[in-house]
(Lines of atoms letter the chains of each structure in order from A and count residues from 1; the text may use other names and numbers.)
(Lines give C-alpha, C1' and ligand atoms only; values in the text may rest on other atoms or scores of the structure.)
Protein backbone atom coordinates (compact mmCIF):
# COMPACT_ATOMS: atom_id res chain seq x y z
CA UNK A 1 0.00 0.00 0.00
CA UNK A 2 2.78 2.46 0.90
CA UNK A 3 4.47 1.68 -2.43
CA UNK A 4 1.22 2.49 -4.30
CA UNK A 5 0.94 5.81 -2.45
CA UNK A 6 4.56 6.67 -3.28
CA UNK A 7 3.95 5.93 -6.96
CA UNK A 8 0.76 8.02 -6.97
CA UNK A 9 2.53 10.92 -5.28
CA UNK A 10 5.52 10.70 -7.60
CA UNK A 11 3.20 10.83 -10.62
CA UNK A 12 1.16 13.73 -9.27
CA UNK A 13 1.77 17.10 -10.91
CA UNK A 14 3.60 19.62 -8.74
CA UNK A 15 1.95 23.02 -8.39
CA UNK A 16 3.77 26.28 -7.74
CA UNK A 17 2.20 29.71 -7.34
CA UNK A 18 2.89 33.16 -5.85
CA UNK A 19 0.73 33.52 -2.72
CA UNK A 20 0.40 35.40 0.56
CA UNK A 21 0.76 33.57 3.87
CA UNK A 22 0.11 35.56 7.03
CA UNK A 23 0.00 38.71 4.92
CA UNK A 24 3.50 38.15 3.50
CA UNK A 25 4.38 37.44 -0.12
CA UNK A 26 5.58 33.89 -0.67
CA UNK A 27 6.02 31.17 -3.28
CA UNK A 28 3.97 28.07 -2.48
CA UNK A 29 4.61 24.58 -3.82
CA UNK A 30 2.40 21.52 -3.61
CA UNK A 31 4.42 18.47 -4.52
CA UNK A 32 3.86 14.85 -3.62
CA UNK A 33 2.60 14.87 -0.08
CA UNK A 34 3.90 18.29 0.96
CA UNK A 35 2.65 21.88 0.92
CA UNK A 36 5.59 24.28 1.33
CA UNK A 37 6.03 28.04 1.14
CA UNK A 38 8.98 30.39 1.28
CA UNK A 39 9.05 34.20 1.50
CA UNK A 40 9.75 36.09 -1.69
CA UNK A 41 10.56 39.43 -0.07
CA UNK A 42 7.75 41.31 -1.78
CA UNK A 43 6.05 43.56 0.82
CA UNK A 44 4.10 42.52 3.88
CA UNK A 45 6.68 42.06 6.60
CA UNK A 46 9.06 39.31 5.56
CA UNK A 47 7.12 36.19 6.64
CA UNK A 48 8.58 32.80 7.45
CA UNK A 49 9.10 29.67 5.41
CA UNK A 50 6.97 26.68 6.30
CA UNK A 51 5.86 23.26 5.19
CA UNK A 52 3.14 20.78 5.99
CA UNK A 53 3.13 17.04 5.39
CA UNK A 54 -0.35 16.17 4.11
CA UNK A 55 -0.31 12.68 5.61
CA UNK A 56 0.69 13.55 9.16
CA UNK A 57 -0.08 17.24 9.70
CA UNK A 58 -3.10 18.22 7.61
CA UNK A 59 -6.63 17.53 8.85
CA UNK A 60 -8.47 19.02 5.88
CA UNK A 61 -8.71 21.90 3.45
CA UNK A 62 -11.44 24.26 2.29
CA UNK A 63 -11.59 27.07 -0.23
CA UNK A 64 -13.06 30.43 0.73
CA UNK A 65 -12.85 32.74 -2.30
CA UNK A 66 -9.12 33.24 -2.97
CA UNK A 67 -8.18 31.76 0.41
CA UNK A 68 -7.07 28.17 0.83
CA UNK A 69 -7.75 27.32 4.50
CA UNK A 70 -5.67 24.37 5.68
CA UNK A 71 -6.62 22.82 9.04
CA UNK A 72 -3.53 21.35 10.70
CA UNK A 73 -2.30 19.81 13.91
CA UNK A 74 0.00 22.05 15.94
CA UNK A 75 3.43 20.42 16.12
CA UNK A 76 6.63 20.63 18.13
CA UNK A 77 6.70 23.61 20.48
CA UNK A 78 3.24 24.67 19.27
CA UNK A 79 1.77 21.38 20.52
CA UNK A 80 3.60 21.60 23.86
CA UNK A 81 2.44 25.18 24.39
CA UNK A 82 -1.12 24.25 23.45
CA UNK A 83 -1.08 21.31 25.87
CA UNK A 84 0.18 23.58 28.67
CA UNK A 85 -2.57 26.13 27.93
CA UNK A 86 -5.27 23.46 27.90
CA UNK A 87 -4.02 22.03 31.19
CA UNK A 88 -4.48 25.43 32.85
CA UNK A 89 -7.95 25.81 31.30
CA UNK A 90 -9.44 22.57 32.57
CA UNK A 91 -8.38 20.24 29.75
CA UNK A 92 -11.74 20.30 27.96
CA UNK A 93 -10.25 22.50 25.26
CA UNK A 94 -7.28 20.23 24.60
CA UNK A 95 -8.25 19.17 21.06
CA UNK A 96 -9.22 22.67 19.91
CA UNK A 97 -5.99 24.12 21.31
CA UNK A 98 -3.88 21.63 19.37
CA UNK A 99 -5.39 22.48 16.01
CA UNK A 100 -4.61 25.55 13.92
CA UNK A 101 -5.39 26.93 10.49
CA UNK A 102 -2.93 28.09 7.87
CA UNK A 103 -4.45 30.51 5.35
CA UNK A 104 -2.81 30.66 1.93
CA UNK A 105 -4.18 33.52 -0.18
CA UNK A 106 -3.96 32.72 -3.88
CA UNK A 107 -3.93 35.24 -6.74
CA UNK A 108 -7.34 34.12 -8.00
CA UNK A 109 -10.38 32.09 -6.97
CA UNK A 110 -9.64 29.69 -9.82
CA UNK A 111 -6.14 29.02 -8.47
CA UNK A 112 -7.53 28.47 -4.96
CA UNK A 113 -10.13 26.03 -6.34
CA UNK A 114 -7.48 24.11 -8.32
CA UNK A 115 -5.15 23.84 -5.31
CA UNK A 116 -8.05 22.88 -3.03
CA UNK A 117 -9.07 20.11 -5.44
CA UNK A 118 -5.47 18.86 -5.72
CA UNK A 119 -5.03 18.80 -1.94
CA UNK A 120 -8.37 17.06 -1.37
CA UNK A 121 -7.46 14.44 -4.01
CA UNK A 122 -4.13 13.79 -2.30
CA UNK A 123 -5.75 13.61 1.14
CA UNK A 124 -8.37 11.19 -0.22
CA UNK A 125 -5.61 9.01 -1.71
CA UNK A 126 -4.15 8.82 1.82
CA UNK A 127 -7.52 7.66 3.17
CA UNK A 128 -8.34 10.96 4.86
CA UNK A 129 -11.85 12.38 4.72
CA UNK A 130 -12.15 15.96 3.53
CA UNK A 131 -14.93 18.53 3.55
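In the working numbering, the protein residues as written are 21 to 151. Beta carbons: idealized from backbone N, C-alpha and C, even for Gly. It should be emphasised that the depicted structure is a prediction, and the values quoted were computed from it without experimental measurement.
C-beta atoms of residue i and residue j nearer than 7 Å
i: residue 47; j: residue 73; result: no
CA-to-CA distance, residue j to residue i, given in whole angstroms
i: residue 70; j: residue 85; result: 22 Å
i: residue 56; j: residue 138; result: 14 Å
i: residue 121; j: residue 39; result: 16 Å
i: residue 124; j: residue 132; result: 9 Å
i: residue 93; j: residue 41; result: 17 Å
i: residue 58; j: residue 34; result: 16 Å
i: residue 145; j: residue 43; result: 31 Å
i: residue 134; j: residue 76; result: 22 Å
i: residue 83; j: residue 68; result: 22 Å
i: residue 91; j: residue 52; result: 18 Å
i: residue 89; j: residue 143; result: 14 Å
Buried versus exposed, by CB contacts within 10 Å (16 or more), residue i
i: residue 136; result: buried
i: residue 127; result: exposed
i: residue 37; result: buried
Member of the options whose CA lies at the smallest distance from the CA of residue i
i: residue 61; options: 120, 45, 36 and 35; result: 45
i: residue 141; options: 50, 58, 56 and 119; result: 50
i: residue 147; options: 78, 58 and 59; result: 78
i: residue 129; options: 35, 144, 87 and 93; result: 87
i: residue 119; options: 34, 43 and 81; result: 81
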